[in-house]
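I have placed the structure first, in the form of structure tokens, so that the comments after it can refer back to it.
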Amino acid sequence: MFSQASKYAIKSIIFIWTQSLEDRIVGAKEIGPTIGAPTPFTAKILQNLAKANLIGSIKGPNGGFYVDETHAKVTLKDVVKVMDGESLFSGCSLGLPKCSEKNPCPLHFEIVKVRQDLERMLTSKSLKLLAVEVIKGETRLSDLG
Numbered sequence: 024m025f026s027q028a029s030k031y032a033i034k035s036i037i038f039i040w041t042q043s044l045e046d047r048i049v050g051a052k053e054i055g056p057t058i059g060a061p062t063p064f065t066a067k068i069l070q071n072l073a074k075a076n077l078i079g080s081i082k083g084p085n086g087g088f089y090v091d092e093t094h095a096k097v098t099l100k101d102v103v104k105v106m107d108g109e110s111l112f113s114g115c116s117l118g119l120p121k122c123s124e125k126n127p128c129p130l131h132f133e134i135v136k137v138r139q140d141l142e143r144m145l146t147s148k149s150l151k152l153l154a155v156e157v158i159k160g161e162t163r164l165s166d167l168g
């Protein structure tokens with residue numbers, strides 16, 4: 024459903040939250056292996072997330088990435104929009120340029136319902152809350168350990 028970049032971005036932010044809640048700043052070299060992503064790809068994703076203000080970054084030898092209360096309301100939808108754009112939430116599923124309620128493709132009305140449900144799900148919890156679930160052991164970020 025999500026692009027590989029979105030999956031890594033979501034896992035990265037959740038991991039960063041788990042560390043930031045313990046007052047730790049983390050770098051791409053730690054994040055990548057933890058979430059099962061190549062470090063160079065992770066670094067690029069983290070730069071995009073920081074540029075979009077979904078995470079914070081500190082430059083320098085002791086730098087890295089963090090989140091704080093200014094990022095507490097960031098949702099899955101915010102991340103997917105930054106990584107993949109609006110295509111998951113709009114546009115014709117069959118690629119027709121003029122698909123609309125007045126001029127629908129065969130999938131239009133069903134896809135509209137699915138997208139509404141998906142959008143509700145993607146905005147229902149913040150990534151901070153998802154991180155708290157990981158910390159409590161209710162969910163997990165990887166198959167490691």
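When the letters of the sequence shown are read in order and numbered with my numbering, they come out as residues 24 to 168. C-beta atoms are modelled at their ideal positions from N, C-alpha and C, and glycine is treated no differently.
Query, Result
"Cα separation between Glu53 and Ile39?", "10 Å"
"Among residues of its own chain, excluding the 5 on either side of Thr162, which ones have a beta-carbon nearer than 8 Å to its beta-carbon?", "Leu153, Glu156"
"For Val49, name the three-state secondary structure that DSSP assigns.", "strand"
"Using the three-state DSSP reduction, which class does Thr162 fall into: helix, strand or coil?", "coil"
"Under three-state DSSP, which class holds Ile33?", "helix"
"When you compare the CB positions of Gly59 and Ser165, do they come within less than 8 Å of one another, or not?", "yes"
"Taking DSSP as the reference, what is the three-state secondary structure of Ser116?", "coil"
"Which residue from Ser29, Met106, Lys136, Thr98 puts its Cα closest to that of Ser116?", "Lys136"
"Would you say Leu99 and Ile33 are within 8 Å of each other, going by their C-beta atoms?", "yes"
"Determine the burial state of Gln178: buried for a count of at least 16 other Cβ atoms within 10 Å of its Cβ, exposed for fewer.", "The displayed coordinates of the chain run from 24 to 168. Any statement about residue 178 would go beyond what the structure contains."
"Pick helix, strand or coil for Phe25, following the three-state DSSP scheme.", "coil"
"Grouping DSSP H, G and I as helix and E and B as strand, with all else coil, what is Ser43?", "helix"
"Buried or exposed: which applies to Ile81, given that a residue is buried once 16 or more other Cβ atoms fall within 10 Å of its Cβ?", "exposed"
"Considering only their Cβ atoms, is the gap separating Val103 from Leu145 smaller than 8 Å?", "yes"
"By how many angstroms is the C-alpha of Lys151 removed from the C-alpha of Ala95?", "6 Å"
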